[in-house]
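Beneath this line is the structure, given in structure tokens, with notes to follow.
2 protein chains.
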Amino acid sequence: MSVEKTIPYKIYLSEDEIPKQWYNVRADMKNKPAPLLNPETLKPMGFEDLRPVFCDELIKQELDDTTPYIDIPQEIQDFYKMYRPSPLVRAYCLEKALGTPAKIYYKFEGNNTSGSHKLNSAIVQAYYAKQQGLKGVTTETGAGQWGTALSMATAYLGIDCKVYMVKVSYEQKPFRREVMRTYGASVTPSPSMDTEIGKKINAEHPGTTGSLGCAISEAVEVATKTEGYRYVLGSVLNQVLLHQTVIGLEAKAALDKYGITPDIIIGCAGGGSNLGGLISPFMGEKLRGEKDYRIVAVEPASCPSFTRGKFAYDFCDTGMVCPLAKMYTLGSNFIPSANHAGGLRYHGMSPILSQLYHDGYMEAITAEQTAVFEAAQRFARVEGILPAPESSHAIKAAIDEALKCKETGEEKTILFGLTGTGYFDMVAYQKFNDGDMTDYIPTDAELEESFARLPKVND
Amino acid sequence: MSVEKTIPYKIYLSEDEIPKQWYNVRADMKNKPAPLLNPETLKPMGFEDLRPVFCDELIKQELDDTTPYIDIPQEIQDFYKMYRPSPLVRAYCLEKALGTPAKIYYKFEGNNTSGSHKLNSAIVQAYYAKQQGLKGVTTETGAGQWGTALSMATAYLGIDCKVYMVKVSYEQKPFRREVMRTYGASVTPSPSMDTEIGKKINAEHPGTTGSLGCAISEAVEVATKTEGYRYVLGSVLNQVLLHQTVIGLEAKAALDKYGITPDIIIGCAGGGSNLGGLISPFMGEKLRGEKDYRIVAVEPASCPSFTRGKFAYDFCDTGMVCPLAKMYTLGSNFIPSANHAGGLRYHGMSPILSQLYHDGYMEAITAEQTAVFEAAQRFARVEGILPAPESSHAIKAAIDEALKCKETGEEKTILFGLTGTGYFDMVAYQKFNDGDMTDYIPTDAELEESFARLPKVND
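The structure is reproduced here in structure tokens:
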């Protein structure tokens, strides 16, 4: 108990303790994630195949499954210093409110203007694009966290940024759009009439409000057809998980400083960028047999790729222009129910995390959104921070684990990732505050219909 | 230059360096701020006179102009640990972008969910209300920063919170309203039909969208007529400036750690809460003749209380139910032009700051809002943080000073207060992004008309 007292509310590392290398968990995986396949030839894609879409240095990172540590360039380290290290917070107030003997910690990534962890990879991808002498980058954004992060990074580096924003978000989240514009990005509602794929989708589905998979197709098309541009992505890819390991490395360094070992590590899971980044260094120890941790992914019941998806090759986008990735997927045409408010709406999952889950190194659970917002509100009122709906999936699971400890009397140490803030999600909060929020779980029939359209390569 | 290199991007104090006492600058003022007057008797108001409106302990702080340091209760210190110490940031990226030899530092108060420094006083006022056994507090809010902060504080302490929100903001800033509701506050558009004053104003000005002065009148009326409630205020009052000195005390401690002495200290000024909090410890040294600093208040050209107001007794509210305060004022009926987007719209100014300005201890300048948003955008793109329009007044002045240094070659050290973030001000940013923002400066005739209605006590 005397040690206990020395743990502050927020554990901050000093600036020179910001990681100088990313950790590549693939180096420690016996079963490596399956390679990306060319959607036409169905052959594994190598460096040259990926060059029309991605920056050279990022392709190297994408394909490298053996180098355990990769240096972070100095200019990126300097950018990290503007908003990192992020605090590791001891949730004293939440523990007290729950009356739990559990010790709860969260790594908070929302203290930057993009409001989430997405900036950790955005600056890297923008940096390598600039290094390669490119004019700019293209991307898609749904809820807008990734687009905002990328706009901040490209503004800082002085390169161009074209964002294709899912139309429904473009219309319902005008403030997100304006943040991106303030940082100098051009923002186009998707599907647009700028691209062949956009025109096709608009013709086939008049009045469609778009999807993430469709916006990806548009952004990729523009990148490959515009001189001096490449496409960048905020989740799913191996390179993104690599960059996001700054989260886990900092969290582990902060815990190590106080001799704390988490029993349970919890993260929300959409495409896997935050979860992968948070757990990687811990997973590395687990893979190497040095330590054991319970690692839990939490996904929305309305978009349950881990828990109800197939582990199969699938398209990363709706337009089927992207490579095929082997991952847990609900099918590239799956779109969560219209009542789904809280991000994490991608149909697939990081191939790295998919392989780790398949091999039994982690668990996955689902949460329904009303319960998620209840947890969010409870957390906000005692811990101060208004969480993003995405992050609140992890809060919900952490609270549940802490309440189990209350029953059993166990003093478990719980670490979860608080990926971001909910300032641009107030439409969803309003629905919750007004008692108008509903839940939806896709039926088996819906999923079967979606699985039926998985590419033939799986047969 | 070797010392230079050791200054990190962000200077963080440790948790045990958070101030344990507030500094009361009045103790060092030769000319004390004038006492509040009873609007009916025109006599100075004492402890008993103020009890129907304010909490007992806060009245003591309001009236105490001799005690230099006042202890911060442990529970408030603990709450401060959830979001403090706030970072003192060296604006390396801004300096580089400007090409200035000046050294720019800013104290950033936006890293908490309320998005501003207002939380520093909100928790104190809510704490003393709870200590006194009250059920709850009432207040007004304009742009919403104060209301949000108070909602967070009352949620944490488990007491009730009734917010009267200027109707135009209630309608144009629904997300601010929802944040407050998420924290359990009731939010009523003002003027409402709940109060005598609200009814009167609605009858006299049908369709009015409200004003801060009117919302104050309503909140005070409800507090004085409801058993177990008191009124709390986010600026102007001596007690608020006292609580906000945590900003300046932390900033000074961080600077002292690195042996840095600012030449110029800049803050935006609406009612004076941030400016007073930031400058107090520095002003103390100046008042005691120990050091000299140039201290600059920046106010909107559309609401120029320091630079064009009268130093006179005036009502703090439109309904004339509040005490009279001697301050720089534009007249209690003054409402800034409808095109004014950026907060800082109160007609008066903190009596403490008014006295200090009157006695020549500080300067005041104005900025027009388009130039303020230009500075905001410039800052956001290099320093990452999207600033509140209020804070951007200080940014504008800091950039101007840094550019003067570029001309003269002087390596001045500039400290400014970055009070908050602009996430809930995207309507204004959109106007700016679209090129639709306009400026307005009140005419002399307008001000004269307003001054003509100052209370007779000044004659």
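Taken in order, these protein sequences are the chains called Y and U.
The working numbering puts the first sequence at residues 1 to 459.
The working numbering puts the second sequence at residues 1001 to 1459.
Each residue gets a CB set at the ideal place from its N, CA and C atoms; glycine is no exception.
All values derive from a computational prediction rather than experimental measurement.
Assigned exposure category for residue i - 16 Cβ within 10 Å defines buried
i: lysine 1456 (chain U); result: exposed
i: phenylalanine 1047 (chain U); result: exposed
i: glycine 1115 (chain U); result: buried
i: isoleucine 1264 (chain U); result: buried
i: lysine 130 (chain Y); result: buried
i: serine 2 (chain Y); result: Low local confidence applies: a pLDDT of 41 at serine 2 (chain Y) is under 50, so the model's placement there is unreliable, with the coordinate-based value given in what follows. It counts as exposed.
i: alanine 397 (chain Y); result: buried
i: methionine 349 (chain Y); result: buried
i: aspartate 436 (chain Y); result: exposed
i: proline 85 (chain Y); result: buried
i: arginine 345 (chain Y); result: buried
i: asparagine 1120 (chain U); result: buried
i: asparagine 1339 (chain U); result: exposed
i: valine 25 (chain Y); result: buried
Bridge partner(s) assigned by DSSP for residue i
i: leucine 324 (chain Y); result: Y:Leu37 and Y:Phe315
i: glutamine 21 (chain Y); result: Y:Asp71
i: threonine 165 (chain Y); result: Going by the sequence as given, residue 165 (chain Y) is methionine instead of threonine. Y:Thr141 and Y:Pro189, per the DSSP bridge assignment.
i: leucine 1268 (chain U); result: A quick correction: the sequence has cysteine, not leucine, at residue 1268 (chain U). Per DSSP, U:Val1298.
i: isoleucine 279 (chain Y); result: Answer is none; isoleucine 279 (chain Y) lacks a bridge partner.
i: glycine 1136 (chain U); result: U:Asp1160 and U:Tyr1229
i: serine 1116 (chain U); result: U:Gly1420
i: threonine 329 (chain Y); result: Y:Lys310
i: leucine 1044 (chain U); result: In the sequence on display, residue 1044 (chain U) carries proline and not leucine. DSSP, once it has assigned bridges, lists U:Leu1037 as partnering proline 1044 (chain U).
i: lysine 1010 (chain U); result: U:Val1089
N-terminal and C-terminal residue of the beta strand (DSSP E) that residue i is part of
i: phenylalanine 1416 (chain U); result: 1413-1418
i: leucine 1088 (chain U); result: 1088-1090
i: arginine 26 (chain Y); result: From DSSP, arginine 26 (chain Y) is part of no beta strand (DSSP E); its letter is neither H nor E.
i: glutamate 1363 (chain U); result: 1363-1367
i: tyrosine 1229 (chain U); result: 1229-1231
For residue j and residue i, believed in contact at Cβ under 8 Å, the rounded distance
i: tyrosine 9 (chain Y); j: lysine 1081 (chain U); result: 4 Å
i: isoleucine 1441 (chain U); j: alanine 1341 (chain U); result: With a Cβ gap of about 15 Å, isoleucine 1441 (chain U) and alanine 1341 (chain U) do not count as contacting.
i: arginine 517 (chain Y); j: glycine 142 (chain Y); result: A query on residue 517 (chain Y) cannot be resolved here, the shown segment of chain Y reaching from 1 to 459 and no further.
i: lysine 1257 (chain U); j: isoleucine 1011 (chain U); result: 7 Å
i: threonine 307 (chain Y); j: threonine 366 (chain Y); result: 5 Å
i: serine 169 (chain Y); j: aspartate 317 (chain Y); result: 17 Å between Cβ atoms; not a contact.
i: phenylalanine 424 (chain Y); j: isoleucine 395 (chain Y); result: The Cβ separation is near 18 Å, so there is no contact.
i: leucine 324 (chain Y); j: serine 273 (chain Y); result: That belief does not hold up - the Cβ atoms of leucine 324 (chain Y) and serine 273 (chain Y) are roughly 20 Å apart, past 8 Å.
i: glutamate 390 (chain Y); j: glycine 343 (chain Y); result: 4 Å
i: valine 1166 (chain U); j: glycine 1228 (chain U); result: Between glycine 1228 (chain U) and valine 1166 (chain U) the Cβ distance is about 25 Å, and since that is not below 8 Å, they are no contact.
Segment limits, alpha helix (DSSP H) that includes residue i
i: lysine 1103 (chain U); result: Careful: lysine 1103 (chain U) lies outside any alpha helix (DSSP H), inside the beta strand (DSSP E) at 1103-1108.
i: glycine 198 (chain Y); result: 196-204
i: lysine 406 (chain Y); result: 389-408
i: arginine 1084 (chain U); result: Run containing arginine 1084 (chain U): none; DSSP gives neither H nor E here.
i: isoleucine 1352 (chain U); result: 1351-1358
i: leucine 63 (chain Y); result: 56-63
i: threonine 1245 (chain U); result: 1238-1257
i: glutamate 448 (chain Y); result: 444-451
i: valine 1179 (chain U); result: 1174-1182
i: lysine 431 (chain Y); result: 426-433
Residue i at chain B interface by Cβ criterion, 7 Å
i: lysine 1081 (chain U); result: The structure shown contains no chain B; the protein chains it does contain are Y and U.
_Short-range partners of chain Y found in the stretch 1379-1403 of chain U, where Cβ spacing is below 8 Å_ = Ala1380, Arg1381, Val1382, Glu1383, Gly1384, Ile1385 and Leu1386
query = Using a beta-carbon distance cut-off of less than 9 Å, what residues from the stretch 1119-1139 of chain U approach chain Y?
reply = Leu1119
Next on the checklist: Short of 9 Å Cβ to Cβ, which residues in the stretch 166-188 of chain Y face chain U?
Outcome noted: Pro174, Phe175, Arg176, Arg177, Glu178, Val179, Arg181, Thr182, Tyr183 and Gly184
| request: Report the residues of the stretch 325-337 of chain Y with a CB closer than 9 Å to any CB of chain U, ordered along the chain. | output: none
When you check each C-beta in the stretch 1015-1034 of chain U against every C-beta of chain Y, which residues fall closer than 9 Å?
Glu1015 and Asp1016
ask   = At a Cβ cut of 7 Å, what residues of the stretch 1426-1440 of chain U count as close to chain Y, listed as they run along the chain?
value = Met1426, Tyr1429, Gln1430 and Asn1433
Notebook entry, point to check: If contact means a Cβ-Cβ distance below 7 Å, which residues of the stretch 1142-1155 of chain U contact chain Y?
Noted result: Met1152 and Ala1155
Given a limit of 8 Å on CB to CB distance, which residues of the stretch 101-112 of chain Y reach chain U? Asn111 and Asn112
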